[in-house]
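Colleague: I have a structure I would like to understand better, so I am pasting it below and will then ask my questions one at a time.
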Amino acid sequence: MATILRDWSYRYQWLYDGISRLAALSVGGEGRFRQLALQNLTINSDTKVLDLCCGSGQTTQFLVKYSQNVTGLDASSLSLTRAKQNVPQADYVEAFAEDMPFADGEFDVVHTSAALHEMEPEQLQKILKEVYRVLRPGGVFTLVDFHQPTNPLFVPGLWLFFWLFETETAWKLLRTDLGELLRETGFQVDEPRLYAGGSLQVIRGVRE
Ligand SMILES: C[S@@+](CC[C@H](N)C(=O)[O-])C[C@H]1O[C@@H](n2cnc3c(N)ncnc32)[C@H](O)[C@@H]1O
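The numbering used here puts the first residue of the sequence shown at 54, with every later residue one more than the last.
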């Protein structure tokens, strides 16, 4: 489904960022939201980090504060043009997440925020395999995305958000056990950490 607002939010960065800021109030603000998946993660200045589906650099801007070795990947050339302007400290690659132009074991950390809910189930499996491939053994995959709320008070807000901005793939993600998918791909995974009444999940997987 989704409404015209979805297209507009991708066309106009101020709209996308405004909506993100509003939605992030549920976890204490944009800065906190952007760093939820980075908590307790060791990133040094030479850690090789991939921001997968980086968009216009919304989380890349935080990653470059920790590492001088950040690459953003996205399939949208418009988003990458904006990312290069917004966060010039990172390198950027235009490619599909399910077929990344990187060598095996190239990254220490792969991060992705608010992107996996845009993938069809088969595509999601391919992407997780690619993430596993491009991480070095012991490397970490950390993600933040939607989750079925555990607190019923958060259901109407999430449903309204999905109706306005999301497509069927986001509803599918709510029915997907992402942790289990990561385990099936070969990652060692802890229980997801839930935020905003359970409507957001942070999952971390370690490549074996
Ligand atoms: C909702 S935005 C998230 C952007 C950013 N990570 C954030 O946290 O705001 C999803 C991004 O995923 C990108 N994307 C969607 N499918 C993709 C694919 N198959 N490969 C690479 N990027 C993809 C879109 O171009 C878009 O920039």
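All C-beta atoms, glycine included, are put in the ideal place defined by N, C-alpha and C.
1. If you draw a straight line from the C-alpha of Ala148 to the C-alpha of Arg186, how long is it?
2. With respect to the alpha helix (DSSP H) encompassing Thr238, which residues constitute its N-terminal and C-terminal limits?
3. Which runs of the beta strand (DSSP E) at least 3 residues long sit entirely within the region 156-240? Give them in chain order.
4. Can you tell which of Leu89, Trp224 and Leu116 has the C-alpha that lies nearest to the C-alpha of Leu103?
5. On a Cα-Cα basis, can you pick out the residue from Leu133, Leu105 and Lys137 that is closest to Met153?
6. Quick one: Cα of Arg236 to Cα of Thr203, how far?
7. Once you ignore the five residues that flank Thr95 on each side, which residues in its own chain have a CB closer than 7 Å to its CB?
8. Is any non-hydrogen atom of ligand 1 found closer than 7 Å to the C-beta of Asp243, if you look at the structure I gave you?
9. By Cβ distance, which residues of its chain are closer than 6 Å to Glu171, with the 5 residues on each side in sequence left out?
10. Just how far apart, CA to CA, sit Lys179 and Glu219?
11. Pop quiz: Leu89 and Val255 are said to be a contact at Cβ under 8 Å. What is the actual Cβ separation, rounded to whole angstroms?
12. Under the three-state reduction of DSSP, which class applies to Gln142: helix, strand or coil?
Modeller: So, from the listed chains and residues:
1. Counted from its first residue, the sequence shown places residue 148 at position 95. Counted from its first residue, the sequence shown places residue 186 at position 133. Each residue's Cα considered, the two are about 16 Å apart.
2. By one-based count along the sequence shown, residue 238 stands at place 185. Element bounds for Thr238: Leu231 to Thr238.
3. 160-166 and 188-199
4. Counted from its first residue, the sequence shown places residue 103 at position 50. The shortest Cα separation from Leu103 among Leu89, Trp224 and Leu116 belongs to Leu116.
5. Counting from one through the sequence shown, the residue named residue 153 turns up at place 100. The shortest C-alpha separation from Met153 is found at Leu105.
6. On the sequence shown, residue 236 is found 183 positions in, with the first residue counted as 1. On the sequence shown, residue 203 is found 150 positions in, with the first residue counted as 1. Roughly 22 Å between the two C-alpha positions.
7. Residue 95 sits at position 42 when you count from the first residue of the sequence shown. Nothing meets the Cβ criterion.
8. Start at 1 with the first residue of the sequence shown, and residue 243 comes out as number 190. Outside the cutoff, so no.
9. Taking the first residue of the sequence shown as 1, we reach residue 171 at position 118. Cβ neighbours of Glu171 beyond the five flanking positions: Thr222.
10. In the sequence shown, counting from the first residue as 1, residue 179 sits at position 126. In the sequence shown, counting from the first residue as 1, residue 219 sits at position 166. Whole-angstrom Cα-Cα distance: 21 Å.
11. In the sequence shown, residue 89 corresponds to position 36, counting from 1. In the sequence shown, residue 255 corresponds to position 202, counting from 1. Contact flag correct, Cβ pair sits at about 5 Å.
12. Taking the first residue of the sequence shown as 1, we reach residue 142 at position 89. DSSP places Gln142 in coil when its eight states are reduced to three.
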